[in-house]
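S.K.:
Residue numbers (my numbering), protein chains in the order written: chain U, 5 to 499; chain D, 357 to 730.
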C-alpha cells in the first residue's frame with residue numbers, strides 16, 4: 005500500500021490513528037504504553053506491508069531473522085567479552101559475529117539487486133536500517149536488544165518504504181516521547197497540512213511531470229533542443245517532487261503519531277554548490293554513509309588523498325545502491341568528482357568558504373544555485389537513462405539546435421483537465437501552441453515551488469493555523485485524492 | 357508589574373484559548389473535508405456518467421467513449437431489448453439500423469480486441485436478472501461477432517485488466533469511481549461545458565473517418581506476417597476452440613432459449629486470409645470455422661451468418677486495415693439479419709460457404725497486389 009492510494013488515506017490511516025491513540029491512552033493509564041505502542045506499530049506496519057504481497061513479507065521476515073540471530077548472540081557475547089585468536093590477532097567474537105551479520109545483510113541486498121527474480125519492496129531501506137541497528141548495538145549505542153522495540157523500529161510503516169533512514173537511538177527517543185503524549189489537535193492539523201503538501205507534490209506534480217519525461221525518454225531522437233533541455237530539467241523536478249513529496253507524507257503521518265522523523269530534503273535545488281547539495285538532498289542517506297562507511301574507512305583521519313578517495317567510494321556505493329548498471333555508477337562518479345574538487349578548492353583557497361552559503365550577493369548566489377542545478381540535472385540524465393548511449397543522445401539533442409514542436413506524448417502529459425478549463429475560458433486557447441503552453445505553465449509553477457517556496461516540514465511547524473490553512477489543506481487533499489485513480493483509458497486505439 | 361499568579365493564569369488562559377481554537381479548527385477541517393467529499397461524490401452519483409447506479413438522467417449530455425468503464429453500467433441500467441457483443445468488428449454498427457429494420461432497441465456493448473472471456477463477462481451482466489435492465493425488458497436478441505482468431509485463446513484470457521470497482525458489487529471500492537477526477541472533469545463538467553453528448557446509436561464508432569477506407573491506406577499500413585514453414589495441423593486449435601465455446605459462449609445460448617442469438621463471422625478482407633496463409637494455418641482455420649458452425653447450429657435459438665465470402669472482401673477500398681470494414685458493410689449486415697440473407701442453416705451449407713471462400717482465396721491475385729508500390 006502506498007501513501008497516495010484510496011486504501012491508505014481513506015481506510016488504513018484513519019483506522020490506524022484511532023487504534024493507536026486508543027491503545028496509547030490505555031497504555032498510559034496502565035503504565036505499559038511502550039508495549040502497546042510498539043505492538044500497534046508492528047501489527048499496523050505488517051498489515052501495511054503485507055498488501056504488497058506475501059513474497060515481500062517473506063523476504064523482510066528472512067531479513068528480520070538474520071538480524072535477530074545476529075543481535076541476540078552478539079549482545080550475549082559482548083557482555084562477556086569473549087575473544088578468539090584469528091590469524092594471530094585477538095578478536096572479540098561479538099565483532100566477528102557482527103561482521104557476519106553485516107555481510108549477510110549485504111548479501112541479501114545484493115542477491116535481490118543483482119540476481120533476484122524480483123526486487124522486494126523497500127529492501128534497500130530496511131537493510132540499511134538493519135545494518136545500522138546491529139552496528140549500533142555492537143557499539144553500545146543501544147543499551148540492550150528488545151525484540152518489540154527492534155521490530156517497531158524496523159517495520160515502522162511511515163519510514164519503511166523510502167526512509168528517511170533514522171538511527172535507532174533517535175527513533176527510540178521519539179517513541180518514548182510519543183508514549184507520554186496524547187492526541188493533540190494542533191499537531192494533527194499541522195501534520196495534515198504537511199500531508200496535503202506531500203500528496204500534492206507526488207500526485208499532481210511528480211506524476212504529471214513523470215508521464216511527460218517517460219514519453220520523451222522513450223523517443224529521445226524526436227526532441228528539439230528546447231524540449232531536450234525541458235525533459236532533463238523536468239526529470240530533476242520530478243525526482244524532487246516524488247521523493248520529497250513521499251518524505252513529507254511520511255513525516256506527516258509520523259507526526260500524527262507523535263513521532264518526529266528527521267528532515268530528508270531541505271530545499272536541495274537551492275544549494276549553492278555540490279557540498280551544500282548533499283547537505284540538503286536525501287540528508288539521512290548522506291548521514292548513514294558518513295557514519296557507517298566514510299568514518300570506518302578512515303574518514304579524514306588518514307590524509308587528504310585518502311579522504312578524497314573515501315568520498316569517491318561513498319558516491320560510487322551510493323550510485324550502486326540506487327541501481328545496478330553503469331548509468332548509476334556514472335551518476336555517482338559525477339557527484340563524487342565535483343564533490344572532491346569542491347572540497348579541495350574549499351581547503352586550498354582561503355577565501356573559498358564553500359560552507360558559507362551567504363557569501364556573495366543575491367546575483368552571485370543565484371548564479372551558484374543555477375550552476376549547481378545544471379550540474380545536478382546533467383547527472384540525473386544518467387540516473388534516468390536506460391543506457392549511457394541514451395543519456396548521450398539526450399545531450400546530443402540539446403546541442404543539436406533547432407526548434408521543433410513538442411512531441412505529442414510530452415505535450416499531452418501536461419494537458420490535465422484543470423488546465424483545459426483555464427485555457428477554454430481564456431483567450432489563451434486561440435494561440436496556435438496553446439497546448440504547449442501547459443508544459444510551460446507546469447515548468448513555471450514547479451520552478452517557483454522548488455526555488456522560492458520554503459521547506460514544507462519547517463513551514464508546517466511555523467505556519468499560523470487558521471481557516472486559510474484549513475481550506476488549503478482540504479483543497480490540496482481533495483484535489484490529490486480525486487486524482488489517485490483516473491479512468492482506465494482505452495489504449496487499443498487502432499484495434 | 358504582574359505577579360507570578362497572574363502570569364500563570366494568563367498562560368493557562370492562552371493555552372486554553374489555543375486549545376479551543378485548534379479544536380474548532382479540527383472540527384472545521386473534518387466538516388469541510390466531508391462536505392467536499394459529499395459534494396463531489398454526490399454529483400458523480402447523481403449524474404452517474406458510467407451508469408453504475410441508475411439509468412441516465414434526462415437531458416444530461418452523456419459522453420460514451422469508454423468501453424471498459426461504461427459497458428457494465430450500460431448493460432445493467434439502460435433500457436434495451438437486444439445487444440451487440442463482440443470486438444471492434446461491431447463498433448461501426450448504428451443501433452438505429454436495428455430499430456429501423458428489426459424493431460429492436462439495441463445496445464452496443466462492443467469491447468475492442470475482445471477475447472471470448474470478455475464476451476462472457478459482458479453477457480453475464482446482460483443476463484443478470486437482478487439488474488434494472490432485465491427487470492425492465494427481457495433480452496430478445498443478441499448480435500454476436502465470432503472472431504475465429506481469438507477462439508483458440510486461453511479461456512480466461514481477457515484483453516485488458518478491468519476496473520473491477522465498476523464490475524463487482526463491493527460498494528466500498530466504488531470510492532474509485534465516486535472520487536475520481538477523470539470522471540468529474542471528463543464525463544461530467546466537460547460535457548456540460550461543451551453541451552455535447554454522444555449519440556448512443558453511434559457510440560464507439562471507429563476513429564477512422566471515411567477517408568481512411570481505401571486501398572492505399574490499407575496497403576501502406578499493412579504488415580505482412582513472416583512466412584511459417586511448418587503447417588499447423590488441421591486439428592491444432594480444435595480443443596481450445598471447443599473449450600471457449602463451452603465455457604464462454606454456449607452456456608448463455610443454452611440457458612436462454614427465449615433469446616435469439618445472431619452469431620456472425622465478420623467479413624474480414626482478403627488480406628486476413630493472406631495472413632492465415634503466411635502463418636500456414638489455413639486448414640486449421642477452416643476446421644475451426646466448420647466446428648464452431650457445427651456446434652452453434654445445434655441450437656434452435658441460433659441464427660448463424662457467414663459474411664466472409666461477400667464480394668466486398670476482395671475490394672480493399674472497403675477497409676481501413678486488413679480486417680476493419682466501413683460502416684456501409686455494418687448496415688448491410690443488419691439488413692441481412694432482418695432478411696436472412698447470408699444465413700447458414702446446416703453444417704453442409706457452411707461447408708459450401710467455406711468452399712466458396714477457398715475459391716475466392718485461390719483466385720485472388722496476391723502477387724499483383726503486393727507487386728505494387730503503395
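Glycine included, every Cβ here is placed at the ideal spot set by N, Cα and C.
What residue from D:627, D:730, D:399, D:699 has the CA that sits closest to residue 544 of chain D's CA?
M.R.: Taking the first residue of the second chain as 1, we reach residue 544 of chain D at position 188. If we check each option's Cα against that of residue 544 of chain D, D:399 comes out closest.
S.K.: Please tell me whether residue 196 of chain U has its Cβ less than 8 Å away from any Cβ of chain D.
M.R.: Position 192 of the first chain, counted from the start, is the residue given in the question as residue 196 of chain U. Yes, its Cβ sits closer than 8 Å to a Cβ of chain D.
S.K.: To the nearest angstrom, how far is the alpha carbon of residue 98 of chain U from that of residue 241 of chain U?
M.R.: As a working mapping, residue 98 of chain U is identified with position 94 in the first chain. As a working mapping, residue 241 of chain U is identified with position 237 in the first chain. Answer to the nearest angstrom: the Cα atoms are 46 Å apart.
S.K.: Threshold first: 4 residues or longer. Then list the alpha helix (DSSP H) segments lying entirely within the stretch 366-449 of chain D, N to C.
M.R.: 423-433
S.K.: Less than 8 Å between the C-beta atoms of residue 573 of chain U and residue 526 of chain D, yes or no?
M.R.: Chain U is shown only over 5 to 499; residue 573 of chain U falls outside these bounds and no answer can be derived.
S.K.: For chain D, check one thing: does any of its Cβ atoms lie closer than 8 Å to the Cβ of residue 496 of chain U?
M.R.: Looking up residue 496 of chain U in the first chain gives position 492. Unreliable positioning characterises residue 496 of chain U in this predicted model, as indicated by a pLDDT of 34, which lies under 50. The coordinate reading is nonetheless provided below. Yes, because at least one Cβ of chain D sits closer than 8 Å to the Cβ of residue 496 of chain U.
S.K.: Taking only three categories from DSSP, how would you classify residue 659 of chain D?
M.R.: By 1-based counting over the second chain, the position of residue 659 of chain D is 303. Under the three-state reduction of DSSP, residue 659 of chain D is assigned to strand.
S.K.: So, residue 415 of chain U versus residue 444 of chain U, is the Cβ gap smaller than 8 Å?
M.R.: Numbered from its first residue, the first chain carries residue 415 of chain U at position 411. Numbered from its first residue, the first chain carries residue 444 of chain U at position 440. The answer is no: Cβ separation not under 8 Å.
S.K.: Output, in sequence order along the chain, the residues in the stretch 8-35 of chain U whose CB is closer than 7 Å to any CB in chain D.
M.R.: 10, 14
S.K.: Report yes if the CB atom of residue 619 of chain D is closer than 8 Å to the CB atom of residue 440 of chain D, and no otherwise.
M.R.: On the second chain, residue 619 of chain D is found 263 positions in, with the first residue counted as 1. On the second chain, residue 440 of chain D is found 84 positions in, with the first residue counted as 1. In this structure, residue 440 of chain D does not lie closer than 8 Å to residue 619 of chain D by Cβ.
S.K.: Mind reading off the beta-carbon distance from residue 210 of chain U to residue 249 of chain U? Whole number of angstroms is fine, and I expect it under 8 Å.
M.R.: Stepping through the first chain from its first residue, residue 210 of chain U is reached at position 206. Stepping through the first chain from its first residue, residue 249 of chain U is reached at position 245. Indeed they touch by this definition, with Cβ atoms about 6 Å apart.
S.K.: Measuring alpha carbon to alpha carbon, tell me which residue in D:462, D:510, D:655, D:451 is nearest residue 471 of chain D.
M.R.: To locate residue 471 of chain D, count along the second chain from 1; it is residue 115. Cα-wise, what sits closest to residue 471 of chain D is D:510.
S.K.: According to DSSP, is residue 500 of chain U helix, strand or coil?
M.R.: With chain U covering 5 to 499 only, the question about residue 500 of chain U has no answer from this structure.
S.K.: Counting only Cβ-Cβ distances shorter than 7 Å, please list the residues of the stretch 520-544 of chain D near chain A, keeping chain order.
M.R.: Considering every chain present, this structure includes no chain A. Its protein chains are U and D.
S.K.: Given a cut-off of 8 Å on the beta-carbon distance, is the pair residue 495 of chain D and residue 557 of chain D in contact?
M.R.: Here residue 495 of chain D refers to the residue found at position 139 of the second chain. Here residue 557 of chain D refers to the residue found at position 201 of the second chain. Going by C-beta atoms, residue 495 of chain D is not nearer than 8 Å to residue 557 of chain D.
S.K.: Please tell me whether residue 474 of chain U has its Cβ less than 8 Å away from any Cβ of chain D.
M.R.: If you number the first chain from 1, residue 474 of chain U lands on position 470. Answer yes: the Cβ-Cβ gap between residue 474 of chain U and chain D drops below 8 Å somewhere.
S.K.: One question on the structure: do residue 482 of chain U and residue 392 of chain D come within less than 8 Å of each other, judged by their Cβ atoms?
M.R.: Working through the first chain from its first residue, we reach residue 482 of chain U at position 478. Working through the second chain from its first residue, we reach residue 392 of chain D at position 36. In this structure, residue 482 of chain U places its C-beta atom within 8 Å of the C-beta atom of residue 392 of chain D.
S.K.: In this structure, how does DSSP classify residue 496 of chain U when only helix, strand and coil are distinguished?
M.R.: Against the first chain, residue 496 of chain U aligns to sequence position 492. Bear in mind that a pLDDT of 34 at residue 496 of chain U, under 50, signals an unreliable position, so the number given afterwards is only what the model happens to contain. The answer is coil: DSSP assigns residue 496 of chain U none of H, G, I, E or B.
S.K.: Which of the residues in the stretch 144-165 of chain U, read from start to end, lie with their CB under 7 Å from any CB of chain D?
M.R.: none
S.K.: Pairs of beta-carbons, one from the stretch 601-616 of chain D and one from the stretch 552-568 of chain D, closer than 8 Å: are there three or more?
M.R.: No: fewer than three Cβ pairs fall under 8 Å.
S.K.: Using a C-beta cutoff of 8 Å, does residue 432 of chain D count as contacting chain U?
M.R.: Translated into the one-based positions of the second chain, residue 432 of chain D becomes position 76. It does not: the Cβ of residue 432 of chain D has no partner Cβ on chain U nearer than 8 Å.
S.K.: Going by the CB atoms, is the gap between residue 678 of chain D and residue 709 of chain D shorter than 8 Å?
M.R.: The residue given as residue 709 of chain D occupies position 353 in the second chain. The residue given as residue 678 of chain D occupies position 322 in the second chain. Their beta carbons are not under 8 Å apart, which means residue 709 of chain D does not touch residue 678 of chain D by this criterion.
S.K.: Would you check if the distance between the CB atom of residue 312 of chain U and the CB atom of residue 344 of chain U is smaller than 8 Å?
M.R.: Indexing the first chain from 1 puts residue 312 of chain U at position 308. Indexing the first chain from 1 puts residue 344 of chain U at position 340. The Cβ atoms of residue 312 of chain U and residue 344 of chain U lie closer than 8 Å to each other.
S.K.: Using 8 Å as the cut-off, can you tell me whether the stretch 452-462 of chain U makes contact with the stretch 198-212 of chain U, which would need three or more C-beta pairs spanning the two stretches below that distance?
M.R.: yes
S.K.: Can you tell me the Cα-Cα spacing of residue 608 of chain D and residue 547 of chain D, whole angstroms?
M.R.: Here the question's residue 608 of chain D lines up with position 252 in the second chain. Here the question's residue 547 of chain D lines up with position 191 in the second chain. Going by the C-alpha atoms only, they are around 37 Å apart.
S.K.: Near residue 425 of chain D, what residues of its chain come up, given a Cβ to Cβ distance below 8 Å and the 5 sequence neighbours on each side ignored?
M.R.: Numbered from 1 along the second chain, position 69 holds the residue referred to as residue 425 of chain D. So the qualifying residues of the chain are 406, 519, 522.
S.K.: For residue 466 of chain D, which of helix, strand or coil comes out of DSSP?
M.R.: As a position in the second chain, residue 466 of chain D is number 110, starting the count at 1. The answer is strand: DSSP assigns residue 466 of chain D an E or B state.
S.K.: Using alpha carbons as the reference points, say which of D:684, D:467, D:659, D:673 lies closest to residue 702 of chain D.
M.R.: For the purposes of this step, residue 702 of chain D is identified with residue 346 of the second chain, where counting begins at 1. It is D:659 whose Cα lies nearest to the Cα of residue 702 of chain D.
S.K.: Quick check on residue 466 of chain U: does DSSP put it in helix, strand or coil?
M.R.: Sequence index remark: in the first chain, residue 466 of chain U carries index 462 (1-based). The answer is helix: DSSP assigns residue 466 of chain U an H, G or I state.
S.K.: How is the beta strand (DSSP E) around residue 299 of chain U delimited, first residue to last?
M.R.: Translated into the one-based positions of the first chain, residue 299 of chain U becomes position 295. Where residue 299 of chain U is concerned, there is no enclosing beta strand (DSSP E), given that its DSSP letter is neither H nor E.
S.K.: Determine contact between the stretch 446-457 of chain U and the stretch 166-176 of chain U, defined as no fewer than three beta-carbon pairs at a distance below 8 Å.
M.R.: no
S.K.: In the DSSP assignment, what are the bridge partners of residue 664 of chain D?
M.R.: Taking the first residue of the second chain as position 1, residue 664 of chain D is located at position 308. Answer is none; residue 664 of chain D lacks a bridge partner.
S.K.: Quick check: residue 193 of chain U and residue 533 of chain D, are their CB atoms within less than 8 Å of each other?
M.R.: The residue labelled residue 193 of chain U in the question sits at position 189 within the first chain. The residue labelled residue 533 of chain D in the question sits at position 177 within the second chain. Taking 8 Å as the Cβ cut-off, residue 193 of chain U and residue 533 of chain D do not qualify as a contacting pair.
S.K.: Using a Cβ-Cβ cut-off of 8 Å (strictly less than) and excluding sequence neighbours within five positions of residue 747 of chain D, which residues of its own chain qualify?
M.R.: The requested residue 747 of chain D does not occur in the structure, where chain D is confined to residues 357 to 730.
S.K.: Let's test the definition: count the other Cβ atoms within 10 Å of the Cβ of residue 405 of chain U and tell me whether it reaches 16, buried, or not, exposed.
M.R.: One-based indexing of the first chain puts residue 405 of chain U at position 401. So residue 405 of chain U counts as exposed.
S.K.: Does the stretch 250-270 of chain U touch the stretch 222-230 of chain U, meaning 3 or more C-beta pairs lie closer than 8 Å?
M.R.: no
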